[in-house]
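Residue numbers (the numbering used here), protein chains in the order written: chain A, 9 to 120; chain B, 2 to 115.
Ideal placement from N, C-alpha and C gives every residue a C-beta, glycine not left out.
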Amino acid sequence: SQQGEEDPQALSIQEGENATMNCSYKTSINNLQWYRQNSGRGLVHLILIRSNEREKHSGRLRVTLDTSKKSSSLLITASRAADTASYFCATWPQGGSEKLVFGKGTKLTVNP
Amino acid sequence: DAGVIQSPRHEVTEMGQEVTLRCKPISGHNSLFWYRQTMMRGLELLIYFNNNVPIDDSGMPEDRFSAKMPNASFSTLKIQPSEPRDSAVYFCASSPTGASPRGTFGSGTRLTVV
Chain A
9 SQQGEEDPQA LSIQEGENAT MNCSYKTSIN NLQWYRQNSG RGLVHLILIR SNEREKHSGR
69 LRVTLDTSKK SSSLLITASR AADTASYFCA TWPQGGSEKL VFGKGTKLTV NP
Chain B
2 DAGVIQSPRH EVTEMGQEVT LRCKPISGHN SLFWYRQTMM RGLELLIYFN NNVPIDDSGM
62 PEDRFSAKMP NASFSTLKIQ PSEPRDSAVY FCASSPTGAS PRGTFGSGTR LTVV
């Protein structure tokens, strides 16, 4: 079953605005990762946050993790039309498996 | 490195036919994953291999699906016989074994079964 659940399912904003996407999960994790998928393409790894980290930055991306609430958020600042894509969170559950469990994604549209 | 290479990019086949999807992982990556993506179910892990050995195939939907990894540089996902509900985009991803799996995905194979 899909552990990560992103919301909203779809988000439409204007260029220059910030975009925030959320992810909730059910079990204890080793880390949580965010991926991006452009239409018709494979997923591209964006950022990884470990379970003992609370916040991480990479360029215009900011990820937070709240393990007590089992939730994470991805913030894209100063969005660009090129950021239009689907964004997925993936969790690496504790337990020794190498499986990443993906949510169904948030479809982001940035209008020029 | 050319990344994870999947073939074909698109496959259209008739119901009942055998379909074989192929994947070449990144050299040096020890883990290989097959995923299926549909609008309804999102991204589902079908099976993953570590050092060419199938570790978890609990996501394989039924016996019509089989996957092999004869060596470190090649894997196949076979559907026999194919059905219209198998229509989806199939992704292969590879990852170095280590502290954390981090998938590098291929561009996918879009399968349409008519």
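From residue i to residue j, what does the alpha carbon distance come to, in whole angstroms?
{"i": "C31(A)", "j": "S81(A)", "result": "6 Å"}
{"i": "S67(B)", "j": "S59(B)", "result": "12 Å"}
{"i": "W24(A)", "j": "N46(A)", "result": "Per the sequence presented here, residue 24(A) reads as Gly, with Trp not at that position. Cα-Cα distance, rounded: 19 Å."}
{"i": "G107(B)", "j": "Y33(A)", "result": "26 Å"}
{"i": "R103(B)", "j": "V109(A)", "result": "11 Å"}
{"i": "V115(B)", "j": "T39(B)", "result": "16 Å"}
{"i": "I57(A)", "j": "S76(A)", "result": "15 Å"}
{"i": "S28(B)", "j": "H53(A)", "result": "18 Å"}
{"i": "N119(A)", "j": "Q41(A)", "result": "26 Å"}
{"i": "D91(A)", "j": "T117(A)", "result": "8 Å"}
{"i": "I80(B)", "j": "A89(B)", "result": "12 Å"}
{"i": "P16(A)", "j": "D57(B)", "result": "31 Å"}
{"i": "P55(B)", "j": "E13(A)", "result": "27 Å"}
{"i": "L19(A)", "j": "A89(A)", "result": "13 Å"}
By Cβ distance below 6 Å, which residues in the same chain neighbour residue i in space, the five residues on each side in sequence not counted?
{"i": "Q18(B)", "result": "S83"}
{"i": "V13(B)", "result": "T113"}
{"i": "S8(B)", "result": "R23"}
{"i": "D87(B)", "result": "I80, V114"}
{"i": "Q22(A)", "result": "N119"}
{"i": "D64(B)", "result": "none"}
{"i": "H11(B)", "result": "R111"}
{"i": "S36(A)", "result": "Q102"}
{"i": "L51(A)", "result": "Y43, Q45"}
What does residue i touch in chain A if you count any residue whose Cβ is under 9 Å from its own?
{"i": "D57(B)", "result": "S105, E106, K107"}
{"i": "F92(B)", "result": "G50, L51"}
{"i": "F106(B)", "result": "Y43, Q45, R49, G50, L51, V52, H53"}
{"i": "L46(B)", "result": "K107, L108, V109, F110"}
Which chain A residues sit within Cβ distance under 7 Å of residue i?
{"i": "G109(B)", "result": "G50"}
{"i": "N51(B)", "result": "E106"}
So, for residue i: in the same chain, excluding its five sequence neighbours on each side, which residues have a beta-carbon less than 8 Å away from its beta-carbon?
{"i": "N26(A)", "result": "L83, I84, T85, A86, S87"}
{"i": "V20(B)", "result": "E12, T14, K79, I80, Q81, S83, D87, L112, V114"}
{"i": "G4(B)", "result": "I27, T105, G107"}
{"i": "L44(B)", "result": "Y36, R37, Q38, F92"}
Please say whether residue j and residue i have beta carbons closer to each other than 8 Å?
{"i": "N51(B)", "j": "P97(B)", "result": "no"}
{"i": "Y128(B)", "j": "A94(B)", "result": "No statement about residue 128(B) is possible, as the shown extent of chain B runs from 2 to 115 and does not include it."}
{"i": "L46(B)", "j": "K112(A)", "result": "no"}
{"i": "Y95(A)", "j": "R49(A)", "result": "no"}
{"i": "N60(A)", "j": "W100(A)", "result": "no"}
{"i": "F75(B)", "j": "K25(B)", "result": "yes"}
{"i": "L33(B)", "j": "M70(B)", "result": "yes"}
{"i": "V71(A)", "j": "K78(A)", "result": "no"}
{"i": "P85(B)", "j": "M41(B)", "result": "no"}
{"i": "L73(A)", "j": "R62(A)", "result": "yes"}
Excluding the 5 residues flanking residue i on each side, which residues of the same chain have their C-beta closer than 7 Å to its C-beta?
{"i": "S9(A)", "result": "The predicted position of S9(A) is uncertain, since its pLDDT is 33 and thus under 50; a value taken from the coordinates is nonetheless stated next. Counting only Cβ-Cβ distances below 7 Å, and skipping sequence neighbours, we find nothing."}
For a contact meaning CB atoms closer than 7 Å, what does residue i contact in chain B?
{"i": "K112(A)", "result": "G43"}
Legend entry - Residues in the region 22–42 of chain B having any Cβ partner in chain C nearer than 7 Å: Among the chains of the structure shown, chain C does not appear; the protein chains present are A and B.
Inset, instruction - Could you name the residues of the region 12–43 of chain A whose beta carbon sits closer than 9 Å to any beta carbon of chain B, in the order they occur along the chain? - result: N38, N39, Q41, Y43
Legend entry - Contact list for the region 61–72 of chain B against chain A, Cβ threshold 8 Å: none
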